[in-house]
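Residue numbers (the working numbering): 1 to 269.
Quick look at the structure:
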């Protein structure tokens, strides 16, 4: 059985989501979840100029001895890092500032860090690196709709000064009341396709993404998405709502046996 190292900030939402996603798409794997703070991870990697093994970095910042032992001895087939872009925590730099720090301040200070991490964490098959997925503004973006087939889902944007209210707003959506364990393969497939539609808007605009796998490969990198979001923030003080975690399964299967082509037709593969 494949073993996957999943590096996340959330202790419950992300692991439950990925267990359901992998199960519904027949990817039998054992998940080993490590929780850490985005800024602690960035600061340590930056200290090494990113010339480091992500497992060694985790052993330095995660206090749990059992986890550290597993990281040392276990061999992982895939490594994924999944973080939010809501930046609700202050970076060490901003913690030193006594006056109130706005969300705009945090984005200005921390978004370049996300982009730098996106440039480095690009290979899930390399256990020393891993692949980064950034959710905008947070993991709960996958359920920011009333059904898995909601009309108009690709359009939503959120003003950056409303980011602190996003989780509460997402909780009012009908889909928030649906237990992730009850999501079917068709549910996940529809959500993937809906977020691909939203990515079309993020990529300013990239209509071919819904018909061409090569286009998807070019525009779906964490770095390209982060760059596009940074422009959106700079020009409009808004952020596209986008869940990239769903793309993990697309990146895993690619267009093998027509997988991507089937997903974008909204048929269950």
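Beta carbons are placed, not taken as given, at the ideal position from N, Cα and C, and that holds for glycine.
Bear in mind the structure is a predicted one, so any value in this text is a computation, not a measurement.
Exposure of residue 258, with buried meaning 16 or more beta-carbon neighbours within 10 Å: The count along the chain shown starts at 1 and reaches residue 258 at position 258. So residue 258 ends up on the exposed side.
Backbone CA spacing between residue 191 and residue 180 [nearest angstrom]: The residue you call residue 191 lines up with position 191 of the chain shown. The residue you call residue 180 lines up with position 180 of the chain shown. Rounded to the nearest whole angstrom, the CA to CA distance from residue 191 to residue 180 is 13 Å.
Chain D contact for residue 36 (CB, 8 Å cutoff): Absent from the structure: chain D. Only one protein chain is present.
Reduced DSSP secondary structure (H/G/I, E/B, other) of residue 2: Indexing the chain shown from 1 puts residue 2 at position 2. Residue state, collapsed to three classes: strand.
Option in 106, 246 and 54 with minimal Cα separation from residue 142: Indexing the chain shown from 1 puts residue 142 at position 142. Considering only alpha carbons, the answer is 246.
As assigned by DSSP and simplified to three states, the class of residue 32: Start at 1 with the first residue of the chain shown, and residue 32 comes out as number 32. Assignment of residue 32 by DSSP, reduced to helix, strand and coil, places it in the strand class.
Secondary structure, beta strand (DSSP E): runs of 3+ residues fully inside the stretch 114-148: For secondary structure counted as the beta strand (DSSP E) over 3 or more consecutive residues, the stretch 114-148 holds these complete runs in sequence order: 130-135.
Three or more C-beta pairs below 8 Å linking the stretch 61-79 and the stretch 27-45: For the pair of segments examined, the stretch 61-79 was found to touch the stretch 27-45: the number of CB pairs separated by less than 8 Å reaches three.
Secondary structure of residue 7, DSSP reduced to three states: In the chain shown, residue 7 corresponds to position 7, counting from 1. Here residue 7 carries a strand assignment [DSSP, helix/strand/coil].
Contact the stretch 14-28 vs the stretch 166-186: 3+ CB pairs below 8 Å: Because the criterion of three Cβ pairs below 8 Å is met, the stretch 14-28 and the stretch 166-186 touch.
Complete beta strand (DSSP E) runs within the stretch 162-194 (minimum length 3 residues, chain order): The qualifying runs do not exist here; there are none.
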